[in-house]
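Numbering (my numbering), first residue to last: 69 to 168. The C-beta atom is built at its ideal place from N, Cα and C for all residues, glycine as well. Notes follow the structure.
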Ligand SMILES: [Zn+2]
């Protein structure tokens with residue numbers, strides 16, 4: 069996703085969604101221009117991918133980190149939600165095991 073998308077949409081989306089956080093994993097996002105690329109560099113994601121007919125309109129866009137954006141790629145949204153759920157569960161399991 070190019071930086072011009074970020075410039076055009078990030079302020080609107082951050083205002084709507086309550087800040088510069090990844091819509092999928094909740095990570096605080098870095099401004100793409102101010103930092104070297106990290107897994108938490110801010111990107112704009114098409115909820116329904118463009119390849120599946122998703123449009124570049126506010127209703128179909130969210131802020132997300134580059135890690136989630138890369139993992140999601142062109143997954144349809146329902147498949148991605150399932151993937152996220154599994155990822156959260158694995159993270160929960162790991163932290164749970166560590167505490168024991
Ligand atoms: Zn994320």
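Between residue 132 and residue 111, the C-beta gap is smaller than 8 Å, which places the two residues in contact. Per the coordinates, the alpha-carbon of residue 79 lies some 11 Å from the alpha-carbon of residue 130.
In chain order, the residues positioned with their C-beta nearer than 6 Å to some heavy atom of ligand 1 are 90, 92, 93, 95, 132, 133, 135 and 136. Counted as a single uninterrupted DSSP element, the beta strand (DSSP E) harbouring residue 133 occupies residues 129-133. The C-beta distance from residue 138 to residue 119 rounds to 15 Å, too long to fall under 8 Å, and the pair is not in contact.
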